[in-house]
């Protein structure tokens with residue numbers, strides 16, 4: 001099959017973002033991650049900070065998911081619509097790598113989309129988030145648990161798919177065991 | 192990492208067995224599938240037919256799992272012990288591919304074991320089981336549902352791991368989308 005789009009869903013600290021960047025570089029196509037956030041922010045009128053944390057921050061989940069919609073779509077529903085529109089538009093226009101933002105689900109009807117999920121053992125991820133993002137007050141293990149829980153809830157709410165279930169992706173890779181470079185290389189070969 | 196053992200767990204009809212055989216041929220190592228059943232039958236004293244269906248047949252699950260163990264281990268518990276022993280022994284002796292039989296779990300403490308899960312969409316699997324195993328009275332979709340349910344229950348009962356969850360494997364591949372040859376090739380490269 002001739003793939004044009006590679007989507008990468010990832011556990012926090014698994015290196016999914018780095019794998020996406022490496023794969024995009026090798027393939028000579030753009031990788032949308034923070035650039036995607038800028039686009040969504042521009043279209044939605046929200047700040048980049050708000051968009052960046054919408055899939056994992058406290059004001060988003062689970063409070064927003066459980067909130068009443070008696071007065072119409074929530075702020076997050078609005079953001080979801082903009083996000084879907086931006087991702088569908090990108091996929092239509094150019095070959096690219098898209099990291100996160102439920103792009104796998106949003107592009108599920110496209111036959112030219114390869115969907116990947118990157119995960120790793122908690123110990124690997126804990127070490128990595130301290131190296132990449134620095135120390136925080138909370139222990140790395142706790143930060144991982146929190147982020148995973150919120151991403152899974154967000155994903156489940158908007159896609160009705162179970163986060164991290166193999167059948168939702170074309171390929172799932174353990175970056176801790178296989179290595180970040182090897183994961184990027186496999187994805188390039190499949191593309 | 193230098194892998195010596197490749198385990199393949201698979202959904203019924205996904206071609207996991209064929210992928211295992213192809214990978215083993217390319218790697219020049221043995222593939223244990225029906226040979227494994229022979230070994231387990233020899234060591235346990237059960238017939239090959241009994242061993243073959245123990246992870247998916249009606250007398251095994253869920254009835255056996257729910258049965259009282261007031262009088263000691265069940266027949267299936269006994270079979271599980273023999274199976275674990277045979278697989279651990281094989282892994283100790285030679286580099287090989289092992290298909291099914293919860294080998295991923297039984298060999299979980301070995302650093303030289305690469306664990307793969309092969310899955311595919313129901314339509315792909317339904318077409319394939321008719322091609323490979325022929326027509327049966329039950330519709331292929333129903334045969335798939337039945338087998339999946341029993342394998343998942345067996346796996347869950349003896350390993351306490353969720354069947355098909357990406358985090359339980361080093362790599363998960365959708366053989367329907369990626370193709371059986373490509374899956375075998377990726378596993379060989381990773382090995």
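Protein chains in written order, with this note's numbering: chain R, 1 to 191; chain S, 192 to 382. No residue lacks a Cβ here, since even glycine has one placed at the ideal position from N, Cα and C.
Q.
Given this structure, state the Cα-to-Cα distance separating residue 250 of chain S from residue 200 of chain S, to the nearest angstrom.
A. Along the second chain, read from residue 1 onward, the residue named residue 250 of chain S stands at position 59. Along the second chain, read from residue 1 onward, the residue named residue 200 of chain S stands at position 9. The pLDDT assigned to residue 250 of chain S is 47, lower than 50, so where the model puts this residue is not dependable, and the model offers no usable value.
Q: Would you verify that the beta carbon of residue 166 of chain R is, or is not, closer than 8 Å to some beta carbon of chain S?
A: Taking the first residue of the first chain as 1, we reach residue 166 of chain R at position 166. By this cut-off, residue 166 of chain R is an interface position.
Q. Taking Cβ positions only, does residue 130 of chain R come closer than 8 Å to chain S?
A. Locating residue 130 of chain R in the first chain gives position 130, counting from the first residue. No, residue 130 of chain R lies away from the interface with chain S (no Cβ there is under 8 Å from its Cβ).
Q | At least 3 beta-carbon pairs within less than 8 Å: the region 129-144 of chain R vs the region 34-50 of chain R | A | no
Q) My guess is that residue 102 of chain R and residue 158 of chain R are in contact by the Cβ rule of under 8 Å, so how many angstroms apart are they, rounded? A) As a position in the first chain, residue 102 of chain R is number 102, starting the count at 1. As a position in the first chain, residue 158 of chain R is number 158, starting the count at 1. The Cβ separation is near 6 Å, so the contact holds.
Q) Just checking my contact of residue 220 of chain S with residue 304 of chain S at CB under 8 Å: how many whole Å lie between their CB atoms? A) Mapped onto the second chain, residue 220 of chain S falls at position 29. Mapped onto the second chain, residue 304 of chain S falls at position 113. That belief does not hold up - the Cβ atoms of residue 220 of chain S and residue 304 of chain S are roughly 13 Å apart, past 8 Å.
Q.
Suppose you measure from the CA of residue 278 of chain S to the CA of residue 163 of chain R; what does that come to, to the nearest Å?
A. Sequence index remark: in the second chain, residue 278 of chain S carries index 87 (1-based). Sequence index remark: in the first chain, residue 163 of chain R carries index 163 (1-based). Rounded to whole angstroms, residue 278 of chain S to residue 163 of chain R spans 31 Å at the Cα level.
Q) So which residues of chain S does residue 190 of chain R contact, with C-beta pairs closer than 8 Å? A) Numbered from its first residue, the first chain carries residue 190 of chain R at position 190. Residues of chain S passing the Cβ test: 369, 373, 377.
Q. By Cβ distance below 6 Å, which residues in the same chain neighbour residue 173 of chain R in space, the five residues on each side in sequence not counted?
A. Position 173 of the first chain, counting from 1, holds the residue named residue 173 of chain R. Correct list, in chain order: 118, 183.
Q.
If I measure Cβ to Cβ from residue 296 of chain S and keep anything under 6 Å in the same chain, skipping five residues before and after, which residues do I get?
A. Position 105 of the second chain holds residue 296 of chain S. Closer than 6 Å at the Cβ level, and outside the excluded window around residue 296 of chain S, lie 350.
Q: Tell me whether residue 307 of chain S sits in a helix, a strand or coil according to DSSP, three-state version.
A: Residue numbering aside, residue 307 of chain S sits at position 116 when the second chain is read from its first letter. Looking at residue 307 of chain S - three-state DSSP - the assignment turns out to be strand.
(Q) Could you tell me the alpha carbon to alpha carbon distance between residue 169 of chain R and residue 357 of chain S, rounded to whole angstroms? (A) Walking along the first chain from the start, residue 169 of chain R turns up at place 169. Walking along the second chain from the start, residue 357 of chain S turns up at place 166. Residue 357 of chain S has its alpha-carbon roughly 9 Å from the corresponding atom of residue 169 of chain R.
Q.
Against chain S, with Cβ distances strictly below 8 Å, would residue 173 of chain R count as a contact?
A. Translated into the one-based positions of the first chain, residue 173 of chain R becomes position 173. So, interface residue.
(Q) Along the region 305-318 of chain S, where does the CB come closer than 7 Å to a CB of chain R? Name the residues. (A) 308, 310
Q. Does the beta carbon of residue 136 of chain S sit closer than 8 Å to a beta carbon anywhere in chain R?
A. There is no way to answer for residue 136 of chain S, as the model of chain S reaches only from 192 to 382.
(Q) Does residue 96 of chain R come out as helix, strand or coil in the three-state DSSP assignment? (A) In the first chain, residue 96 of chain R corresponds to position 96, counting from 1. Note: residue 96 of chain R maps to strand in three-state DSSP.
Q) Would a C-beta distance cut-off of 8 Å place residue 122 of chain R and residue 141 of chain R closer than the cut-off? A) Start at 1 with the first residue of the first chain, and residue 122 of chain R comes out as number 122. Start at 1 with the first residue of the first chain, and residue 141 of chain R comes out as number 141. Yes. Within cutoff.
Q. For residue 222 of chain S, which residues does DSSP report across the bridge?
A. Residue mapping note: residue 222 of chain S aligns to position 31 of the second chain, counting from 1. BP columns for residue 222 of chain S point to S:288.
Q: With distances taken Cα to Cα, identify the nearest neighbour of residue 50 of chain R among R:185, R:90, R:78, R:149.
A: Residue numbering aside, residue 50 of chain R sits at position 50 when the first chain is read from its first letter. Scanning R:185, R:90, R:78, R:149 for the CA closest to the CA of residue 50 of chain R turns up R:78.
Q: Just grab the DSSP bridge partners of residue 363 of chain S for me.
A: On the second chain, position 172 is the one that residue 363 of chain S refers to. DSSP lists R:172, S:308 as partners of residue 363 of chain S.
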